[in-house]
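In the UniProt record's numbering, the protein residues as written are 1 to 165. A virtual CB, placed ideally from N, CA and C, is assigned to each residue, including glycine. The structure presented is a predicted model; accordingly, all values stated were derived computationally and were not measured. Data block below; observations after.
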């Protein structure tokens, strides 16, 4: 349940409740151990014949009781300690954050490539417009020179006509 809530809780909220949760878990583990010990003690008392025992049967019962406990403990798979689970959850969160950052980096790289292509296209357009401007300036100068020459020729024609009449 803790691993389910971890992504939901904000990191600072989690840190605030961290000690409280650990205390509760430790109390639960202590209670579990106490109940297990009481249960095994009751089972031993029942197997001894309702509580009437001699010194030798109590020693034998104690040995048998220890064997049963050791057998149960050897069959149980130990659960990872809370801090190990906490570290695993933190590692998972960091891995998720790393995947997210890699995705963001990849998206930004794609955007950079798009903008680079767009910049190159704009630079090519600017070069084309500059070349076109240079051609237009040359044409404008040539047109001005032709107008000046035309004015000169018209002036000469008008002088020539005046001379002729």
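At least three beta-carbon pairs within less than 8 Å, the segment 39 to 48 to the segment 61 to 71 = Contact annotation: the segment 39 to 48 touches the segment 61 to 71, with at least three C-beta pairs closer than 8 Å.
Is the beta carbon of residue 40 less than 8 Å from the beta carbon of residue 69?
-> yes
In three-state DSSP terms, what is residue 35?
-> helix
Can you tell me the Cα-Cα spacing of residue 149 and residue 160, whole angstroms?
-> 16 Å
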